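K.L.:
Numbering (this note's numbering), first residue to last: 1 to 179.
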(Lines of atoms letter the chains of each structure in order from A and count residues from 1; the text may use other names and numbers.)
(Lines give C-alpha, C1' and ligand atoms only; values in the text may rest on other atoms or scores of the structure.)
Protein backbone atom coordinates (compact mmCIF):
# COMPACT_ATOMS: atom_id res chain seq x y z
CA UNK A 1 0.00 0.00 0.00
CA UNK A 2 2.99 2.30 0.49
CA UNK A 3 3.67 1.90 -3.22
CA UNK A 4 0.15 3.07 -4.03
CA UNK A 5 0.64 6.13 -1.87
CA UNK A 6 4.01 6.98 -3.38
CA UNK A 7 2.55 6.58 -6.85
CA UNK A 8 -0.45 8.62 -5.74
CA UNK A 9 1.78 11.48 -4.61
CA UNK A 10 3.57 11.41 -7.95
CA UNK A 11 0.22 11.51 -9.76
CA UNK A 12 -1.05 14.35 -7.58
CA UNK A 13 2.05 16.40 -8.38
CA UNK A 14 2.18 15.44 -12.05
CA UNK A 15 -1.46 15.63 -13.07
CA UNK A 16 -2.76 18.37 -10.86
CA UNK A 17 0.18 20.79 -10.80
CA UNK A 18 -1.87 22.61 -8.18
CA UNK A 19 0.67 22.07 -5.45
CA UNK A 20 4.03 23.53 -6.53
CA UNK A 21 4.46 25.11 -3.08
CA UNK A 22 4.58 21.65 -1.49
CA UNK A 23 7.51 20.64 -3.72
CA UNK A 24 9.89 23.36 -2.53
CA UNK A 25 12.79 23.89 -0.17
CA UNK A 26 13.79 26.72 2.13
CA UNK A 27 17.29 28.12 2.17
CA UNK A 28 17.38 30.82 4.82
CA UNK A 29 14.79 33.35 3.66
CA UNK A 30 14.75 32.02 0.09
CA UNK A 31 12.06 29.74 -1.31
CA UNK A 32 13.41 27.35 -3.92
CA UNK A 33 10.82 25.80 -6.24
CA UNK A 34 11.94 22.33 -7.25
CA UNK A 35 11.43 21.13 -10.81
CA UNK A 36 11.90 17.42 -10.09
CA UNK A 37 9.71 15.44 -7.74
CA UNK A 38 12.02 13.38 -5.55
CA UNK A 39 10.17 11.47 -2.83
CA UNK A 40 12.03 10.69 0.35
CA UNK A 41 10.91 7.38 1.87
CA UNK A 42 11.67 6.79 5.50
CA UNK A 43 13.22 3.35 5.98
CA UNK A 44 13.79 1.72 9.34
CA UNK A 45 17.13 0.04 9.83
CA UNK A 46 17.86 -3.17 11.76
CA UNK A 47 19.53 -1.18 14.57
CA UNK A 48 16.35 0.85 15.15
CA UNK A 49 17.55 3.99 13.40
CA UNK A 50 15.90 5.59 10.41
CA UNK A 51 17.25 6.77 7.06
CA UNK A 52 15.50 8.55 4.19
CA UNK A 53 16.59 7.35 0.75
CA UNK A 54 15.15 9.29 -2.19
CA UNK A 55 13.14 8.05 -5.19
CA UNK A 56 14.32 10.40 -7.92
CA UNK A 57 11.75 11.70 -10.45
CA UNK A 58 8.99 9.70 -8.74
CA UNK A 59 6.28 11.29 -10.88
CA UNK A 60 7.83 9.67 -13.97
CA UNK A 61 7.46 6.13 -12.59
CA UNK A 62 4.49 3.83 -13.07
CA UNK A 63 3.35 1.56 -10.25
CA UNK A 64 5.80 -1.21 -11.18
CA UNK A 65 8.68 1.27 -11.43
CA UNK A 66 7.76 2.80 -8.08
CA UNK A 67 7.58 -0.63 -6.47
CA UNK A 68 11.01 -1.55 -7.81
CA UNK A 69 12.49 1.74 -6.60
CA UNK A 70 11.00 1.36 -3.10
CA UNK A 71 12.16 -2.26 -2.78
CA UNK A 72 15.64 -1.47 -4.10
CA UNK A 73 16.20 1.51 -1.80
CA UNK A 74 14.74 -0.23 1.27
CA UNK A 75 16.87 -3.34 0.65
CA UNK A 76 20.05 -1.34 0.15
CA UNK A 77 19.25 0.80 3.22
CA UNK A 78 18.83 -2.27 5.41
CA UNK A 79 21.98 -3.80 3.90
CA UNK A 80 24.00 -0.63 4.57
CA UNK A 81 24.65 -0.26 0.83
CA UNK A 82 23.25 3.20 0.10
CA UNK A 83 25.46 5.73 -1.67
CA UNK A 84 25.50 9.41 -0.64
CA UNK A 85 23.46 10.35 -3.73
CA UNK A 86 20.72 7.91 -2.61
CA UNK A 87 19.87 10.09 0.40
CA UNK A 88 20.13 13.53 -1.19
CA UNK A 89 17.79 15.73 -3.19
CA UNK A 90 14.44 14.81 -1.64
CA UNK A 91 11.65 17.33 -2.21
CA UNK A 92 8.91 15.66 -0.10
CA UNK A 93 9.02 12.74 2.35
CA UNK A 94 6.63 9.91 3.20
CA UNK A 95 6.94 7.89 6.39
CA UNK A 96 4.94 4.81 7.35
CA UNK A 97 4.38 4.86 11.11
CA UNK A 98 1.81 2.11 10.51
CA UNK A 99 4.57 -0.40 9.82
CA UNK A 100 5.15 -0.43 13.59
CA UNK A 101 1.44 -0.83 14.31
CA UNK A 102 0.87 2.84 15.15
CA UNK A 103 -2.49 4.18 14.10
CA UNK A 104 -1.13 7.71 13.69
CA UNK A 105 1.99 9.74 14.19
CA UNK A 106 3.29 13.28 13.99
CA UNK A 107 6.03 13.38 11.38
CA UNK A 108 8.92 15.83 11.62
CA UNK A 109 9.80 17.72 8.44
CA UNK A 110 13.03 16.62 6.77
CA UNK A 111 14.48 20.09 6.19
CA UNK A 112 15.08 21.89 3.87
CA UNK A 113 11.84 20.28 2.62
CA UNK A 114 8.66 21.95 3.80
CA UNK A 115 6.28 19.00 4.26
CA UNK A 116 6.06 15.31 5.17
CA UNK A 117 3.26 12.75 5.10
CA UNK A 118 2.84 9.97 7.67
CA UNK A 119 0.71 6.88 7.12
CA UNK A 120 -0.88 5.05 10.02
CA UNK A 121 -1.71 1.37 10.25
CA UNK A 122 -4.68 0.23 8.21
CA UNK A 123 -7.38 -1.11 10.54
CA UNK A 124 -10.82 -2.56 10.10
CA UNK A 125 -13.28 -0.28 11.89
CA UNK A 126 -17.03 0.26 11.95
CA UNK A 127 -18.05 3.06 9.62
CA UNK A 128 -21.22 4.72 8.37
CA UNK A 129 -21.92 3.72 4.78
CA UNK A 130 -24.23 5.97 2.80
CA UNK A 131 -26.47 4.30 0.19
CA UNK A 132 -29.55 5.39 -1.77
CA UNK A 133 -31.58 3.22 0.63
CA UNK A 134 -30.18 4.98 3.70
CA UNK A 135 -27.19 4.81 6.00
CA UNK A 136 -25.92 1.67 7.68
CA UNK A 137 -22.91 0.56 9.71
CA UNK A 138 -20.37 -1.64 8.00
CA UNK A 139 -16.77 -2.73 8.41
CA UNK A 140 -14.27 -0.69 6.39
CA UNK A 141 -10.51 -0.49 6.25
CA UNK A 142 -9.40 2.93 7.47
CA UNK A 143 -6.06 4.67 7.81
CA UNK A 144 -5.06 7.97 9.37
CA UNK A 145 -2.89 10.22 7.22
CA UNK A 146 -0.89 12.92 9.04
CA UNK A 147 0.62 15.86 7.17
CA UNK A 148 3.14 18.20 8.76
CA UNK A 149 4.19 21.33 6.94
CA UNK A 150 6.21 24.48 7.49
CA UNK A 151 3.78 27.34 8.02
CA UNK A 152 6.32 29.88 6.80
CA UNK A 153 5.45 28.77 3.25
CA UNK A 154 2.58 26.27 3.45
CA UNK A 155 -0.65 27.53 4.99
CA UNK A 156 -3.51 25.38 6.26
CA UNK A 157 -5.54 25.73 3.06
CA UNK A 158 -2.69 24.45 0.87
CA UNK A 159 -1.62 21.73 3.31
CA UNK A 160 -5.17 20.57 3.87
CA UNK A 161 -6.16 20.57 0.20
CA UNK A 162 -3.02 18.65 -0.73
CA UNK A 163 -3.62 15.88 1.80
CA UNK A 164 -7.32 15.78 0.82
CA UNK A 165 -6.30 15.18 -2.81
CA UNK A 166 -3.94 12.39 -1.73
CA UNK A 167 -6.74 10.81 0.32
CA UNK A 168 -9.17 11.10 -2.59
CA UNK A 169 -6.64 9.41 -4.87
CA UNK A 170 -6.11 6.54 -2.43
CA UNK A 171 -9.83 6.04 -1.82
CA UNK A 172 -10.46 5.83 -5.57
CA UNK A 173 -7.48 3.55 -6.26
CA UNK A 174 -8.48 0.57 -8.38
CA UNK A 175 -6.41 -2.51 -7.55
CA UNK A 176 -7.69 -4.17 -10.74
CA UNK A 177 -6.43 -1.53 -13.15
CA UNK A 178 -3.64 -2.25 -15.58
CA UNK A 179 -0.20 -1.29 -14.36
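Ideal Cβ placement from N, Cα and C applies to all residues, glycine included.
None of these values were measured; they are calculated from a predicted model.
With C-beta atoms as the reference, is residue 25 less than 8 Å away from residue 91?
P.N.:
Taking the chain shown and counting its residues from 1, one reaches residue 25 at position 25. Taking the chain shown and counting its residues from 1, one reaches residue 91 at position 91. A contact, by the Cβ cut-off of 8 Å.
K.L.:
Determine which residues share a DSSP beta bridge with residue 138 and list them.
P.N.:
Start at 1 with the first residue of the chain shown, and residue 138 comes out as number 138. 127.
K.L.:
Compare the C-beta of residue 60 against all C-beta atoms of chain C and say whether one is closer than 8 Å.
P.N.:
Structure shown: chain C not included; a single protein chain is present.
K.L.:
Give me whichever residues DSSP pairs with residue 118 in a beta bridge.
P.N.:
To locate residue 118, count along the chain shown from 1; it is residue 118. Looking at the DSSP assignment, residue 118 forms a beta bridge with 95 and 146.
K.L.:
Bridge partners for residue 56 per DSSP, in chain order?
P.N.:
Position 56 of the chain shown, counted from the first residue, corresponds to residue 56. According to DSSP, residue 56 bridges with nothing at all.
K.L.:
Are the beta-carbon atoms belonging to residue 103 and residue 119 less than 8 Å from one another?
P.N.:
Position 103 of the chain shown, counting from 1, holds the residue named residue 103. Position 119 of the chain shown, counting from 1, holds the residue named residue 119. Going by C-beta atoms, residue 103 is not nearer than 8 Å to residue 119.
K.L.:
Thinking just about the alpha-carbon of each residue, which of 80, 79 and 114 is nearest to the one in residue 40?
P.N.:
Indexing the chain shown from 1 puts residue 40 at position 40. Answer by Cα proximity: 114.
K.L.:
On a CA-only basis, which of 168, 144, 126 and 117 is nearest residue 150? Give me that one, please.
P.N.:
Your numbering for residue 150 matches position 150 in the chain shown. The option with the nearest alpha carbon to residue 150 is 117.
K.L.:
Please state whether the Cβ-Cβ distance between residue 87 and residue 51 is less than 8 Å.
P.N.:
In the chain shown, counting from the first residue as 1, residue 87 sits at position 87. In the chain shown, counting from the first residue as 1, residue 51 sits at position 51. In this structure, residue 51 lies closer than 8 Å to residue 87 by Cβ.
K.L.:
Reducing DSSP to helix, strand and coil, say where residue 105 ends up.
P.N.:
Here residue 105 refers to the residue found at position 105 of the chain shown. Note: residue 105 maps to coil in three-state DSSP.
K.L.:
Report the rounded CA-to-CA distance for residue 153 versus residue 21, giving the unit in angstroms.
P.N.:
Residue numbering aside, residue 153 sits at position 153 when the chain shown is read from its first letter. Residue numbering aside, residue 21 sits at position 21 when the chain shown is read from its first letter. Between residue 153 and residue 21, the C-alpha separation is close to 7 Å.
K.L.:
Return the first residue and the last residue of the beta strand (DSSP E) that residue 25 is part of.
P.N.:
Within the chain shown, residue 25 is the residue found at index 25, counting from 1. Looking at the DSSP string, the run of the beta strand (DSSP E) that includes residue 25 is 24 to 27.
K.L.:
Just checking my contact of residue 145 with residue 166 at CB under 8 Å: how many whole Å lie between their CB atoms?
P.N.:
For this step, residue 145 is matched to residue 145 along the chain shown. For this step, residue 166 is matched to residue 166 along the chain shown. Their Cβ separation, rounded to whole angstroms, is 7 Å, which keeps residue 145 and residue 166 in contact under 8 Å.
K.L.:
Which of helix, strand or coil does DSSP assign to residue 21?
P.N.:
Position 21 of the chain shown, counted from the start, is the residue given in the question as residue 21. Correct three-state label for residue 21: coil.
K.L.:
Hey, out of 94, 134 and 32, whose CA is closest to residue 163's CA?
P.N.:
If you number the chain shown from 1, residue 163 lands on position 163. Comparing Cα-Cα distances from residue 163 to each of 94, 134 and 32, the minimum goes to 94.
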